[in-house]
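Heads up, the thing below is written out as structure tokens.
In my numbering, the protein residues as written are 15 to 333.
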């Protein structure tokens, strides 16, 4: 194996392997990763086998102040993205190259955010065993909630009551497939207000950033909204579609929508929708501060839709 520092000359190979990998999602395409290149110093690596064929990718950024390599600080998850036929011995060899490369570059620590298993199209835990042998430490564990779309659990009585209330109000669910910039802007205003008033935070993406990302990935980033009889928007969810999983990247509704069960109706409909044979619907994490603080009310809501626990794990490896 050979380690190569990523440059734009490798973009086509990088994106091709991202789409063919056993644990890749569109978040690793350069068209997605590079939207915040001004905030994160890229130090990604690409690995080629003895025939010169790309075998694995390592999306990463470097924080010079702490001499820490992150995989990846600007993404939900990261880690080694592997060609489907890669086995344990190959991954072990690649990790030796990773640690040597970054140590020689002056780094002293690697933060590794493992891709959750529900995003894998083929078993991909070789990296976990290598990390164990290298004495990496589990430093964060967040809990997410996912529904197995192949055999979903029923909604709770409370969620069904909310759905019936929304139906009585005459609400309608709408998917946006064409030019969605106007709908995204309207939804982002609801999302921003909701996050500010209820959680004292704001969306990770600005409306301009998410509009650009959606235009670059129209098949993977979808907006679903719910509306009153007069067509005014009550809320919705922005979905990220990966080969195996539908992920609710953002969820929000206004006060009227909360009172009248808008999200209950929305997710009841989405959980029964055919998303092209995808296996899971991931509602996202319900924790803060590296998993040490649990938002139990949020977790309960997701569980009432049939979601059950999937962990998002982060490891630290000192060189």
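Backbone N, C-alpha and C define an ideal beta-carbon position, used for all residues, glycine too.
Asked, Found
"Does the stretch 195-206 come into contact with the stretch 157-174, if we say contact requires no fewer than three beta-carbon pairs (one atom in each stretch) closer than 8 Å?", "no"
"For residue 1, which residues does DSSP report across the bridge?", "Limits of the chain in this structure are 15 at one end and 333 at the other, which puts residue 1 out of reach."
"Measuring alpha carbon to alpha carbon, tell me which residue in 94, 261 and 214 is nearest residue 132.", "261"
"Out of 159, 124 and 39, state which residue places its alpha-carbon closest to the alpha-carbon of residue 152.", "124"
"Within 10 Å of its beta-carbon, does residue 101 have 16 or more other beta-carbons around it, so buried, or fewer, so exposed?", "exposed"
"Among 225, 36 and 186, whose alpha-carbon lies nearest the alpha-carbon of residue 252?", "225"
"CA-CA distance, residue 115 and residue 221?", "37 Å"
"Out of 138, 91, 144 and 242, state which residue places its alpha-carbon closest to the alpha-carbon of residue 111.", "144"
"Do you know how far the Cα of residue 40 is from the Cα of residue 33?", "7 Å"
"Taking the CB atoms as reference points, tell me whether residue 69 and residue 59 lie closer together than 8 Å.", "no"
"Give me, in chain order, the residues of the same chain whose beta-carbon lies closer than 7 Å to that of residue 177; leave out the 5 immediate sequence neighbours on both sides.", "275, 278, 279 and 282"
"From 47, 35 and 57, pick the residue whose C-alpha is nearest to that of residue 20; which is it?", "57"
"Starting from residue 247, trace the beta strand (DSSP E) both ways and give me its first and last residue.", "247-255"
"Inspect the beta-carbon positions of residue 205 and residue 234 and report whether they are closer than 8 Å.", "no"
"For residue 43, count neighbouring C-beta atoms within 10 Å of its own C-beta (all shown protein chains included) and say buried if the count is 16 or more, exposed if not.", "buried"
"In three-state terms, what does DSSP make of residue 308?", "strand"
"Looking at residue 91 and residue 128, is the spacing between their C-beta atoms short of 8 Å?", "yes"
"Whose C-beta lies closer than 7 Å to the C-beta of residue 223 among residues of the same chain, with five residues either side of it excluded?", "49"
"Tell me the rounded alpha-carbon separation between residue 286 and residue 61.", "40 Å"
"Please determine, among 270, 297 and 258, the residue with the shortest C-alpha to C-alpha distance to residue 288.", "258"
"Where does the unbroken beta strand (DSSP E) through residue 84 begin, and where does it stop?", "82-85"
"Where does residue 229 fall in DSSP's three states?", "helix"
"What residue ranges within the stretch 177-223 form continuous alpha helix (DSSP H) runs of no fewer than 4 residues, ordered along the chain?", "195-213"
"Helix, strand or coil: which one does DSSP assign to residue 9?", "This structure cannot speak to residue 9, because the chain is shown only from 15 to 333."
"I'd like the list of long-range same chain contacts for residue 138, defined as Cβ closer than 8 Å, with 5 residues on each side in sequence excluded.", "36, 37, 96, 129 and 131"
"Buried or exposed, going by whether 16 or more other CB atoms sit within 10 Å of the CB of residue 213?", "exposed"
"Which term fits residue 121, buried or exposed, when burial requires 16 or more other beta carbons within 10 angstroms of its beta carbon?", "buried"
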